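Some notes on the structure that comes next.
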Amino acid sequence: MKNECMPLIFLFLIVTGATQAATPSYDVYGSWLIACDNILTCEAKGFVQGDDDVTSTMPDDRPINGSVDLRFIRDAGPDGVIEARLAAGFPFGLADLRVDGRPLLLDRSAWALNTRDGITILSGKRPEVVTAFVAQLRNGTMLQVRDGIVPLNGLSAAMLHMDDRQGRLGGVTALIRTGTKSASAVPPAPLLPPAPSAHRSIVLARRERARLMAWTERTQVKLIKKQSCDSLDKGTDSLLETEAYGLDKNNALILFGCSMAAYQGTSLVFVVPRTGNGQPEPASLPSPVLIKGDTGDEGSIVTNPDFDVATGTFTDFYKGMGLAYCGASHEWRWDGHHFVLTRMTFQLGCGGSMSGDWPILYRSKVQQREQRTE
(Lines of atoms letter the chains of each structure in order from A and count residues from 1; the text may use other names and numbers.)
(Lines give C-alpha, C1' and ligand atoms only; values in the text may rest on other atoms or scores of the structure.)
Protein backbone atom coordinates (compact mmCIF):
# COMPACT_ATOMS: atom_id res chain seq x y z
CA MET A 1 0.00 0.00 0.00
CA LYS A 2 2.88 2.32 0.84
CA ASN A 3 4.49 1.87 -2.58
CA GLU A 4 1.17 2.40 -4.36
CA CYS A 5 0.77 5.79 -2.66
CA MET A 6 4.21 7.09 -3.57
CA PRO A 7 3.34 8.18 -7.16
CA LEU A 8 0.36 10.14 -5.80
CA ILE A 9 2.59 11.91 -3.29
CA PHE A 10 5.10 12.86 -5.99
CA LEU A 11 2.26 14.08 -8.24
CA PHE A 12 0.97 16.27 -5.40
CA LEU A 13 4.42 17.79 -4.90
CA ILE A 14 4.78 18.51 -8.62
CA VAL A 15 1.33 20.07 -9.01
CA THR A 16 1.56 22.25 -5.90
CA GLY A 17 5.26 22.97 -6.18
CA ALA A 18 5.57 22.04 -2.51
CA THR A 19 8.97 21.01 -1.19
CA GLN A 20 10.25 19.12 1.80
CA ALA A 21 11.09 20.95 5.02
CA ALA A 22 14.02 23.36 4.87
CA THR A 23 17.01 23.50 7.20
CA PRO A 24 16.42 26.04 10.00
CA SER A 25 18.99 28.82 10.36
CA TYR A 26 19.91 31.48 12.91
CA ASP A 27 22.26 34.33 12.03
CA VAL A 28 23.29 37.58 13.69
CA TYR A 29 24.19 40.85 11.96
CA GLY A 30 25.09 43.67 14.34
CA SER A 31 22.11 44.28 16.62
CA TRP A 32 19.82 42.13 14.47
CA LEU A 33 19.10 38.42 14.39
CA ILE A 34 17.48 36.62 11.48
CA ALA A 35 15.85 33.26 12.19
CA CYS A 36 14.26 31.06 9.51
CA ASP A 37 12.40 27.89 10.46
CA ASN A 38 11.91 24.60 8.63
CA ILE A 39 9.13 26.00 6.40
CA LEU A 40 11.17 29.17 5.72
CA THR A 41 9.02 31.52 7.75
CA CYS A 42 11.67 34.08 8.70
CA GLU A 43 11.84 36.60 11.52
CA ALA A 44 14.31 39.49 11.61
CA LYS A 45 14.47 41.08 15.06
CA GLY A 46 16.42 44.05 16.37
CA PHE A 47 16.82 45.26 19.96
CA VAL A 48 19.40 46.61 22.42
CA GLN A 49 21.61 43.83 23.77
CA GLY A 50 24.00 43.87 26.69
CA ASP A 51 27.09 43.97 24.47
CA ASP A 52 25.73 46.46 21.91
CA ASP A 53 28.04 49.36 21.15
CA VAL A 54 25.37 52.00 21.71
CA THR A 55 25.29 55.00 23.98
CA SER A 56 23.45 54.60 27.31
CA THR A 57 21.55 57.87 26.89
CA MET A 58 19.33 59.54 24.32
CA PRO A 59 20.60 62.63 22.45
CA ASP A 60 18.99 64.81 25.15
CA ASP A 61 20.81 62.81 27.89
CA ARG A 62 17.74 60.84 29.03
CA PRO A 63 18.52 57.20 29.98
CA ILE A 64 17.71 54.65 27.28
CA ASN A 65 14.75 52.33 27.88
CA GLY A 66 15.80 48.98 26.41
CA SER A 67 12.39 47.26 26.52
CA VAL A 68 11.76 47.79 22.79
CA ASP A 69 12.12 45.51 19.79
CA LEU A 70 11.33 45.71 16.08
CA ARG A 71 10.75 42.66 13.97
CA PHE A 72 9.84 41.74 10.44
CA ILE A 73 8.11 38.37 10.02
CA ARG A 74 7.49 36.88 6.58
CA ASP A 75 6.13 33.58 5.33
CA ALA A 76 7.78 31.84 2.40
CA GLY A 77 6.24 31.63 -1.06
CA PRO A 78 5.13 34.12 -3.74
CA ASP A 79 2.25 35.39 -1.59
CA GLY A 80 3.96 34.99 1.77
CA VAL A 81 2.30 37.14 4.44
CA ILE A 82 4.56 39.87 5.84
CA GLU A 83 4.34 41.91 9.03
CA ALA A 84 6.36 44.72 10.59
CA ARG A 85 5.87 44.77 14.36
CA LEU A 86 7.25 47.30 16.84
CA ALA A 87 6.74 46.41 20.52
CA ALA A 88 7.57 48.33 23.69
CA GLY A 89 7.00 47.89 27.39
CA PHE A 90 5.48 51.38 27.60
CA PRO A 91 2.82 53.40 25.71
CA PHE A 92 3.80 55.21 22.52
CA GLY A 93 2.20 56.69 19.41
CA LEU A 94 3.24 57.26 15.80
CA ALA A 95 4.39 60.77 16.69
CA ASP A 96 6.95 59.26 19.09
CA LEU A 97 8.86 57.46 16.31
CA ARG A 98 12.05 58.99 14.90
CA VAL A 99 15.07 57.81 12.94
CA ASP A 100 18.21 59.63 14.05
CA GLY A 101 16.03 62.48 15.29
CA ARG A 102 13.90 62.74 12.13
CA PRO A 103 10.16 61.94 12.39
CA LEU A 104 9.03 58.77 10.62
CA LEU A 105 6.49 59.30 7.86
CA LEU A 106 3.81 56.67 8.38
CA ASP A 107 0.28 56.39 7.01
CA ARG A 108 -1.87 56.08 10.13
CA SER A 109 -4.57 54.17 8.23
CA ALA A 110 -2.07 51.41 7.36
CA TRP A 111 -0.97 50.66 10.92
CA ALA A 112 -2.68 49.13 13.96
CA LEU A 113 -1.69 50.32 17.44
CA ASN A 114 -2.77 48.34 20.51
CA THR A 115 -1.77 48.02 24.17
CA ARG A 116 -2.31 44.84 26.15
CA ASP A 117 -0.81 43.61 29.42
CA GLY A 118 1.52 46.59 29.51
CA ILE A 119 2.94 45.98 26.01
CA THR A 120 2.20 48.43 23.17
CA ILE A 121 2.42 46.97 19.65
CA LEU A 122 2.43 48.82 16.32
CA SER A 123 1.75 46.47 13.42
CA GLY A 124 1.66 46.88 9.63
CA LYS A 125 0.86 44.01 7.25
CA ARG A 126 0.49 45.49 3.77
CA PRO A 127 3.56 44.63 1.64
CA GLU A 128 3.90 48.11 0.16
CA VAL A 129 3.65 49.67 3.63
CA VAL A 130 6.33 47.37 5.06
CA THR A 131 8.59 48.04 2.05
CA ALA A 132 8.28 51.81 2.55
CA PHE A 133 8.96 51.39 6.27
CA VAL A 134 12.16 49.43 5.59
CA ALA A 135 13.27 52.12 3.12
CA GLN A 136 13.02 54.78 5.84
CA LEU A 137 15.03 52.68 8.29
CA ARG A 138 17.75 50.98 6.26
CA ASN A 139 20.17 53.92 6.08
CA GLY A 140 19.64 55.07 9.68
CA THR A 141 21.56 54.22 12.82
CA MET A 142 18.83 54.34 15.47
CA LEU A 143 15.03 54.06 15.65
CA GLN A 144 13.84 56.14 18.60
CA VAL A 145 10.60 55.24 20.40
CA ARG A 146 10.15 57.88 23.09
CA ASP A 147 13.05 57.10 25.44
CA GLY A 148 13.63 53.66 23.91
CA ILE A 149 15.72 52.73 20.89
CA VAL A 150 16.22 49.95 18.37
CA PRO A 151 19.74 49.97 16.85
CA LEU A 152 19.59 49.71 13.06
CA ASN A 153 23.10 48.37 12.48
CA GLY A 154 22.61 45.00 10.80
CA LEU A 155 19.01 45.61 9.66
CA SER A 156 19.79 45.66 5.93
CA ALA A 157 22.01 42.57 6.17
CA ALA A 158 19.34 40.66 8.10
CA MET A 159 16.61 41.58 5.61
CA LEU A 160 18.90 40.68 2.69
CA HIS A 161 19.46 37.28 4.30
CA MET A 162 15.68 36.85 4.59
CA ASP A 163 15.23 37.68 0.90
CA ASP A 164 17.98 35.21 0.02
CA ARG A 165 16.63 32.31 2.08
CA GLN A 166 13.13 32.75 0.62
CA GLY A 167 14.40 33.05 -2.97
CA ARG A 168 13.33 36.68 -3.47
CA LEU A 169 16.62 38.30 -4.52
CA GLY A 170 16.32 40.30 -7.73
CA GLY A 171 12.52 40.11 -7.69
CA VAL A 172 9.55 42.38 -7.11
CA THR A 173 8.86 40.87 -3.67
CA ALA A 174 12.37 41.50 -2.30
CA LEU A 175 12.76 44.05 0.47
CA ILE A 176 16.41 44.96 -0.09
CA ARG A 177 17.84 43.80 -3.42
CA THR A 178 14.85 44.25 -5.70
CA GLY A 179 14.64 43.48 -9.41
CA THR A 180 12.31 42.55 -12.23
CA LYS A 181 11.68 38.87 -11.44
CA SER A 182 7.98 38.24 -10.97
CA ALA A 183 6.46 37.01 -7.73
CA SER A 184 5.75 33.67 -9.41
CA ALA A 185 9.51 33.03 -9.54
CA VAL A 186 9.64 32.79 -5.74
CA PRO A 187 9.76 29.15 -4.59
CA PRO A 188 6.72 27.85 -2.68
CA ALA A 189 6.85 27.35 1.06
CA PRO A 190 8.04 23.91 2.20
CA LEU A 191 5.48 21.55 3.68
CA LEU A 192 4.98 21.25 7.41
CA PRO A 193 6.35 17.91 8.62
CA PRO A 194 3.88 15.58 10.36
CA ALA A 195 4.05 14.96 14.10
CA PRO A 196 3.14 11.96 16.22
CA SER A 197 -0.47 12.17 17.32
CA ALA A 198 -1.29 13.43 20.79
CA HIS A 199 -2.32 10.77 23.27
CA ARG A 200 -2.78 10.57 27.02
CA SER A 201 0.17 9.13 28.90
CA ILE A 202 -0.15 5.74 30.56
CA VAL A 203 -0.34 6.06 34.35
CA LEU A 204 2.23 3.76 35.91
CA ALA A 205 1.33 1.77 39.00
CA ARG A 206 3.32 2.74 42.08
CA ARG A 207 5.16 -0.58 42.15
CA GLU A 208 6.17 -0.38 38.48
CA ARG A 209 7.24 3.24 38.86
CA ALA A 210 9.50 2.36 41.82
CA ARG A 211 10.97 -0.63 39.94
CA LEU A 212 11.79 1.40 36.82
CA MET A 213 13.31 4.25 38.83
CA ALA A 214 15.50 1.87 40.85
CA TRP A 215 16.52 -0.10 37.75
CA THR A 216 17.55 3.08 35.93
CA GLU A 217 19.46 4.40 38.93
CA ARG A 218 21.33 1.11 39.27
CA THR A 219 22.27 0.63 35.60
CA GLN A 220 23.04 4.30 34.88
CA VAL A 221 24.94 5.02 38.10
CA LYS A 222 28.07 6.30 36.28
CA LEU A 223 26.17 8.89 34.25
CA ILE A 224 24.09 9.93 37.25
CA LYS A 225 27.25 10.50 39.31
CA LYS A 226 28.99 12.28 36.43
CA GLN A 227 26.15 14.80 36.29
CA SER A 228 26.12 15.10 40.11
CA CYS A 229 22.53 13.88 40.21
CA ASP A 230 23.30 11.69 43.21
CA SER A 231 24.19 14.52 45.60
CA LEU A 232 21.19 16.82 45.63
CA ASP A 233 20.56 19.25 48.41
CA LYS A 234 17.39 18.24 50.27
CA GLY A 235 16.15 21.82 50.16
CA THR A 236 16.16 21.95 46.35
CA ASP A 237 15.39 18.31 45.55
CA SER A 238 11.64 18.96 45.70
CA LEU A 239 11.95 21.72 43.08
CA LEU A 240 13.48 19.42 40.46
CA GLU A 241 11.65 17.08 38.12
CA THR A 242 12.20 13.46 39.26
CA GLU A 243 9.43 11.24 37.95
CA ALA A 244 8.40 8.31 35.75
CA TYR A 245 5.82 8.43 32.95
CA GLY A 246 4.44 5.77 30.65
CA LEU A 247 5.22 6.58 27.00
CA ASP A 248 3.39 3.54 25.62
CA LYS A 249 2.84 -0.10 26.53
CA ASN A 250 6.52 -0.87 25.91
CA ASN A 251 8.46 2.15 27.19
CA ALA A 252 8.60 4.66 30.03
CA LEU A 253 10.19 8.09 30.45
CA ILE A 254 12.35 8.53 33.57
CA LEU A 255 13.54 11.93 34.86
CA PHE A 256 16.21 12.36 37.54
CA GLY A 257 16.61 15.84 39.02
CA CYS A 258 20.25 16.96 38.87
CA SER A 259 21.01 20.57 39.71
CA MET A 260 19.22 23.75 40.73
CA ALA A 261 20.43 27.23 39.81
CA ALA A 262 18.94 30.56 40.87
CA TYR A 263 15.90 30.28 38.60
CA GLN A 264 15.95 26.91 36.82
CA GLY A 265 16.90 23.29 37.31
CA THR A 266 18.10 20.38 35.17
CA SER A 267 17.13 16.72 34.96
CA LEU A 268 18.59 13.62 33.32
CA VAL A 269 16.24 11.94 30.84
CA PHE A 270 16.08 8.20 30.18
CA VAL A 271 13.92 5.92 28.05
CA VAL A 272 13.34 2.65 29.88
CA PRO A 273 11.72 -0.53 28.51
CA ARG A 274 8.75 -1.64 30.62
CA THR A 275 9.12 -5.27 29.52
CA GLY A 276 11.75 -7.51 27.93
CA ASN A 277 15.52 -7.57 28.30
CA GLY A 278 16.36 -4.06 27.11
CA GLN A 279 18.34 -1.61 29.22
CA PRO A 280 17.55 1.98 30.30
CA GLU A 281 19.18 4.38 27.85
CA PRO A 282 19.82 8.14 27.92
CA ALA A 283 17.17 9.81 25.79
CA SER A 284 17.99 11.19 22.36
CA LEU A 285 16.25 14.55 21.87
CA PRO A 286 16.74 15.92 18.32
CA SER A 287 17.27 19.63 17.75
CA PRO A 288 18.35 21.69 14.69
CA VAL A 289 22.00 22.62 14.25
CA LEU A 290 21.92 26.42 14.47
CA ILE A 291 25.13 27.76 15.98
CA LYS A 292 28.70 26.57 16.43
CA GLY A 293 28.84 23.71 18.89
CA ASP A 294 25.36 22.34 18.15
CA THR A 295 25.30 18.58 17.58
CA GLY A 296 21.73 18.04 16.41
CA ASP A 297 20.76 16.50 19.75
CA GLU A 298 19.96 18.21 23.04
CA GLY A 299 21.51 15.28 24.88
CA SER A 300 20.02 13.55 27.89
CA ILE A 301 20.19 16.44 30.36
CA VAL A 302 17.57 19.15 29.92
CA THR A 303 16.51 22.32 31.69
CA ASN A 304 13.11 22.82 33.31
CA PRO A 305 11.62 19.64 31.78
CA ASP A 306 7.91 18.94 31.80
CA PHE A 307 5.77 16.10 30.49
CA ASP A 308 2.17 16.83 29.53
CA VAL A 309 0.31 13.62 30.34
CA ALA A 310 -2.75 14.79 28.39
CA THR A 311 -0.93 14.93 25.03
CA GLY A 312 2.26 12.95 25.59
CA THR A 313 4.37 16.06 24.88
CA PHE A 314 7.78 16.42 26.52
CA THR A 315 9.17 19.96 26.82
CA ASP A 316 12.13 21.91 28.10
CA PHE A 317 12.61 25.64 28.72
CA TYR A 318 16.04 27.18 29.13
CA LYS A 319 16.36 30.81 30.28
CA GLY A 320 19.58 32.66 29.49
CA MET A 321 18.73 35.08 32.27
CA GLY A 322 16.17 35.18 35.08
CA LEU A 323 13.52 37.16 33.17
CA ALA A 324 13.80 34.91 30.08
CA TYR A 325 14.74 37.63 27.58
CA CYS A 326 16.84 34.97 25.83
CA GLY A 327 16.90 31.20 25.81
CA ALA A 328 15.42 28.17 24.08
CA SER A 329 12.45 25.83 24.31
CA HIS A 330 11.63 22.50 22.67
CA GLU A 331 8.64 20.21 22.35
CA TRP A 332 8.95 16.51 21.48
CA ARG A 333 6.54 13.60 21.07
CA TRP A 334 7.22 9.89 21.24
CA ASP A 335 6.50 7.97 18.03
CA GLY A 336 6.86 4.50 19.54
CA HIS A 337 10.61 4.32 18.88
CA HIS A 338 12.10 7.80 19.24
CA PHE A 339 11.34 11.31 20.40
CA VAL A 340 10.37 13.54 17.46
CA LEU A 341 10.84 17.31 17.57
CA THR A 342 7.54 19.14 17.01
CA ARG A 343 8.44 22.74 17.94
CA MET A 344 11.43 24.87 18.92
CA THR A 345 12.03 28.53 19.80
CA PHE A 346 15.41 30.17 20.30
CA GLN A 347 17.03 33.54 20.94
CA LEU A 348 20.75 33.86 21.60
CA GLY A 349 21.03 37.55 22.50
CA CYS A 350 19.18 38.82 25.57
CA GLY A 351 16.79 41.74 25.15
CA GLY A 352 13.50 42.94 23.72
CA SER A 353 10.09 43.84 25.04
CA MET A 354 8.70 40.50 26.26
CA SER A 355 10.20 37.58 28.17
CA GLY A 356 10.08 34.19 26.46
CA ASP A 357 9.11 35.80 23.14
CA TRP A 358 11.69 34.04 20.99
CA PRO A 359 11.69 33.31 17.24
CA ILE A 360 10.30 29.94 16.12
CA LEU A 361 12.98 27.74 14.56
CA TYR A 362 10.96 24.56 14.06
CA ARG A 363 7.28 23.77 13.75
CA SER A 364 5.20 20.76 12.69
CA LYS A 365 1.70 19.67 11.79
CA VAL A 366 0.65 18.73 15.31
CA GLN A 367 -2.19 16.23 15.20
CA GLN A 368 -4.75 15.45 17.90
CA ARG A 369 -6.65 12.23 18.41
CA GLU A 370 -9.13 10.94 20.92
CA GLN A 371 -7.72 9.31 24.02
CA ARG A 372 -7.75 5.55 23.71
CA THR A 373 -8.19 3.30 26.68
CA GLU A 374 -5.05 1.30 27.29
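In this text, residue positions in the sequence shown follow the numbering used here: the first is 1, and each later residue adds one. Virtual Cβ for every residue (Gly too), placed ideally from N, Cα, C. The structure displayed is predicted, hence computed values, not measured ones.
Nonlocal neighbours in the same chain, by C-beta distance under 6 angstroms from residue i, ignoring five residues either side
i: Arg211; result: none
i: Phe314; result: Phe307 and Trp332
i: Ser355; result: Leu323, Ala324 and Tyr325
i: Phe72; result: Ala44 and Ala84
i: Leu204; result: Ala244 and Gly246
Own chain partners of residue i with C-beta closer than 7 angstroms, once the 5 adjacent residues on each side are dropped
i: Cys326; result: Gly320, Gln347, Leu348, Gly349 and Cys350
i: Gly167; result: Val186 and Pro187
i: Thr115; result: Pro91
i: Thr219; result: Gln279 and Pro280
i: Arg138; result: Leu155 and Ser156
i: Arg209; result: Ala244
Span of the alpha helix (DSSP H), counted from its first residue to its last, around residue i
i: Tyr160; result: Here residue 160 is Leu; the residue named in the question, Tyr, does not match the sequence. First-last of the alpha helix (DSSP H) with Leu160: Leu155 to Arg165.
i: Met213; result: Arg206 to Thr219
i: Ala252; result: Element bounds for Ala252: not the alpha helix (DSSP H) but the beta strand (DSSP E), Asn251 to Met260.
i: Gln136; result: Pro127 to Leu137
The beta strand (DSSP E) enclosing residue i, as first and last residue numbers
i: Arg74; result: Val68 to Arg74
i: Gln347; result: Phe339 to Gln347
i: Glu298; result: Note, Glu298: premise wrong, no beta strand (DSSP E); not H, not E.
i: Leu175; result: Run containing Leu175: none; DSSP gives neither H nor E here.
i: Arg381; result: Nothing can be reported for residue 381, as the shown portion of the chain is limited to 1 through 374.
i: Trp332; result: Gly327 to Trp334
i: Glu43; result: Cys42 to Phe47
i: Asp306; result: Asp306 to Asp308
i: Met142; result: Met142 to Val145
i: Cys36; result: Trp32 to Cys36
i: Lys319; result: Thr313 to Lys319
Close-in-space but distant-in-sequence residues of the same chain around residue i (CB under 8 angstroms, 5 per side omitted)
i: Ile291; result: Tyr26 and Leu348
i: Gly154; result: Val28, Tyr29, Gly30, Ser31, Trp32 and Gly46
i: Leu247; result: Ser201, Ile202, Leu253, Val271, Gly312 and Trp334
i: Ser182; result: Gly171 and Val172
Cβ-Cβ distance between residue i and residue j below 8 angstroms
i: Pro190; j: Gln20; result: yes
i: Thr342; j: Ala328; result: no
i: Gly66; j: Gly148; result: yes
i: Leu70; j: Gly46; result: yes
i: Pro24; j: Leu285; result: no
i: Pro282; j: Val272; result: no
i: Leu268; j: Gln227; result: yes
i: Arg159; j: Val134; result: Residue identity differs from the one stated: residue 159 is Met in this sequence, not Arg. Yes, they are a contact pair.
Residue i versus residue j: straight-line alpha-carbon distance, rounded
i: Leu97; j: Ser123; result: 13 angstroms
i: Gln136; j: Leu152; result: 11 angstroms
i: Asn251; j: Asp357; result: 34 angstroms
i: Val150; j: Cys229; result: 43 angstroms
i: Cys42; j: Ala76; result: 8 angstroms
i: Pro193; j: His338; result: 16 angstroms
i: Leu174; j: Gly101; result: Leu is not the amino acid found at residue 174; the sequence shown has Ala there. Using only the alpha carbons, I get a separation of about 28 angstroms.
i: Leu104; j: Tyr263; result: 41 angstroms
i: Ala95; j: Gln144; result: 11 angstroms
i: Glu243; j: Ile119; result: 37 angstroms
i: Ile39; j: Ala195; result: 14 angstroms
i: Asp37; j: Asp316; result: 19 angstroms
i: Asp163; j: Ala87; result: 23 angstroms
i: His161; j: Asn277; result: 51 angstroms
i: Ala112; j: Ile121; result: 8 angstroms
i: Gly336; j: Thr295; result: 23 angstroms
i: Pro359; j: His330; result: 12 angstroms
i: Pro78; j: Ile301; result: 41 angstroms
i: Val68; j: Pro127; result: 23 angstroms
i: Val48; j: Gly352; result: 7 angstroms
i: Lys125; j: Leu169; result: 20 angstroms
i: Glu298; j: Ile82; result: 32 angstroms
i: Pro305; j: Tyr245; result: 13 angstroms
i: Thr55; j: Gly89; result: Bear in mind that the predicted position of Thr55 carries a pLDDT of just 45, short of 50, making it too unreliable to give a figure here.
i: Lys365; j: Ala198; result: 11 angstroms
Residue i at chain E interface by Cβ criterion, 8 angstroms
i: Thr180; result: Looking for chain E here will not work: only one protein chain is present.
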